[in-house]
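Structure, as structure tokens:
Residue numbers (the working numbering), protein chains in the order written: chain A, 1 to 334; chain B, 1 to 334.
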């Protein structure tokens, strides 16, 4: 397998505002030799995620920035082609962080062998991977939902939002989703069983929330930020819990945004607001996977994927996240 | 004692913006009869507190609004003049919520007999009362300070701020106070042992913070809000904890203020922000009083009071809180 060439997408320039295709460049490159403890991988599925936008800036987001002219890294599902690591053999499927590359050589220590999944291998990037775990720990560890409480989820039709809403329903909450199209609103209420859903493009968000949340809002799981969050925060109850999971509406702004001050609302309602990343919960991943797998096995938890085919479509799939193209988890199949 | 007259200050009109003297009216009124289970009180000390501003609005703040033409209620230390309650006798000192009145008749159930204080009776309104407990639970229960962390306190020379800073020093933190005059800055560093203090009227807050907090800010105890908090939040570390205790800079605004959005900072730094009121910790008051009294007995915790004499000065003492007149706890002695 030596001197094999592969394709990868590198960061050509740091985006100002919304990323454009010229921020990325596809390269053909020669794969390095496989050393002891490493494996050569062929990528099967690439995960594109909103958080990657933060890593495209020079400053530190919650993860270190991507390097210019280096490949965009992130979650991927790969097949082992060649292995010099004792626990891996050709044909094994692994979860890697090799990102937007058709092939890569990776230390085995950075790979997790995928075995015993209760369904398609893509679950390892979605419902039983970072997506599902983000929903699980953000909702249960930060928000502590209890039966009868009202939970609002923004970005509700996205990868994390679809799971959060279902988990909140599982513990008996009233669940209201905020999403960006009538199709998504319909999906949330008719397929996932949300109690109500709001189209933030066409509805008066504050009025629709007041209507959908007659007892106020106890929990807000925020993937979006900005004016959507302003409307939600103005209707929180005393003791509200707010998990700050993402702020996709703000990622592409040139400069920091201003908005209504939230600290007076946090004070008046004795609310808790907490930001988190899923890595904070690494030690508890087995607990999360077990719980999610159980609900899936019981038929009580659905998951949704939007899969585009072809490595050539990776950049567009990523850009589509900011247009709201995806329903559930956005993946690229190679 | 029947048909005795007394004086009280009522809310004459709800303030728009900064309260003015014409929002209040002094009245002479006839004290009601003392019924079984009640006591007639003579007020010795009145507590004036920033949170009372919120209760002067019509809408609910974190406590119900004051009623128009009814007395301003709040913490006071009183002497029992007449008692029809089994546990109270004339001469007993009690903590009451009878507020801005020279005398009042109160159910004994709303009174706490003051016994065994390790110093002056005013401690019951300050360091061993709501003030000290607010500092204790806000700092320890929300912020979990550990040795070596950097703690910033706004409103640092106020009733709560002076205690918060000292408690943080007790557990080995670097403590930086933000206050409104050079005299206060000097008091914080020279008398209370803060590591640094910033005059927000004259210093460039952001630059002064960067200077005073070379390792960033791990904990922010906020009594003030607004631009002071904007500067602090822009310098928080990963895992920062923010206790929202007060927002005095915003209480007198006509309409909600805007400012830099904080949720992206909360997310990026996986920070926790929590609003609270001291009533949330009622069940744990004995723990707090015990801890504070121990530190006082050991000579490791100082407290400061600004006492004005004369019931006639009650309104002005309250208005002075917003001018920053007070150092430590502001009281009125009758």
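Glycine is no exception: its CB is placed at the ideal position from the N, C-alpha and C atoms.
If you're wondering where the values come from, they're calculated on a predicted model, not measured in any experiment.
Among the residues of chain A, none has a CB under 9 Å from the CB of residue 216(B); the nearest is roughly 12 Å distant.
DSSP links residue 103(B) through a beta bridge to 42(B). Not a single C-beta of chain A is nearer than 9 Å to the C-beta of residue 201(B). CA-to-CA, the gap between residue 322(A) and residue 193(A) works out to about 25 Å. Chain B has no Cβ within less than 9 Å of the Cβ of residue 31(A). Between the stretch 113–131 of chain B and the stretch 255–269 of chain B, the count of Cβ pairs shorter than 8 Å is below three; the stretches do not touch.
The alpha-carbon of residue 66(B) is positioned some 17 Å away from that of residue 104(B). In this structure, 181(A) is the residue among 195(A), 296(A), 181(A) and 241(A) with its C-alpha nearest to the C-alpha of residue 326(A). Taking residue 155(B) as the centre and dropping the five residues before and after it, the same chain places the C-beta of 161, 223 and 224 closer than 6 Å to its C-beta, in chain order. In the three-state scheme derived from DSSP, where H, G and I count as helix and E and B as strand, residue 329(A) is classed as strand. Under a 10 Å Cβ-count criterion, residue 136(B) is classified as buried, with 16 or more other Cβ atoms of the shown protein chains found around its own Cβ. Taking a beta-carbon distance threshold of 9 Å, residue 269(A) counts as an interface residue toward chain B.
DSSP, read as helix, strand or coil, puts residue 158(B) in strand. Around the C-beta of residue 74(A), 16 or more other C-beta atoms lie within 10 Å, and the residue is accordingly described as buried.
DSSP places residue 24(A) inside the beta strand (DSSP E), whose first and last residues are 24–30. DSSP, reduced to helix, strand and coil, places residue 223(B) outside both helices and strands of the structure shown, so it counts as coil. For residue 257(B), the three-state secondary structure derived from DSSP is coil. In the three-state reduction of the DSSP assignment, residue 204(B) falls in the coil class, being assigned neither a helical nor a strand state. Residue pairing by DSSP places residue 112(B) opposite 95(B) in a beta bridge. Taking a Cβ-Cβ cut-off of 9 Å, the neighbours of residue 274(A) in chain B comprise 266, 270, 271, 272, 273 and 274, given in sequence order. Around the C-beta of residue 53(B), 16 or more other C-beta atoms lie within 10 Å, and the residue is accordingly described as buried.
A contact is defined here as three or more CB-CB pairs under 8 Å, and the stretch 231–249 of chain B meets this definition with respect to the stretch 271–287 of chain B. By the 16-neighbour rule on beta-carbons within 10 angstroms, residue 47(A) is buried. Between residue 330(A) and residue 174(B), the alpha-carbon positions lie close to 45 Å from each other.
Taking a C-beta distance under 9 Å as the contact criterion, residue 128(B) and residue 289(B) qualify as a contact pair.
Nearest to residue 231(B) by alpha-carbon distance, out of 279(B), 292(B) and 153(B), is 153(B). Contact of residue 258(B) with chain A by beta-carbon distance below 8 Å involves 258, 259, 260 and 261. For residue 139(A), there are no neighbours in chain B by C-beta distance under 7 Å, as the nearest C-beta there is about 16 Å away.
The CB of residue 229(A) comes closer than 9 Å to the CB of 261 and 263 in chain B, given here in chain order. Between the alpha carbons of residue 253(A) and residue 226(A) lies a gap of roughly 11 Å. One Cα belongs to residue 111(B), the other to residue 88(B), and the distance between them is close to 10 Å. For residue 7(A), the enclosing beta strand (DSSP E) stretches over residues 5–11. For the 9 Å CB-CB criterion, residue 218(B) and residue 145(B) form a contact.
Residue 157(B) and residue 187(B) do touch by the CB rule: their CB atoms are close to 6 Å apart, below 8 Å.
Here the stretch 33–42 of chain A lies against the stretch 84–98 of chain A, with 3 or more beta-carbon pairs under 8 Å apart. Across the set 115(B), 117(B) and 96(B), the C-alpha of 96(B) shows the shortest separation from the C-alpha of residue 109(B).
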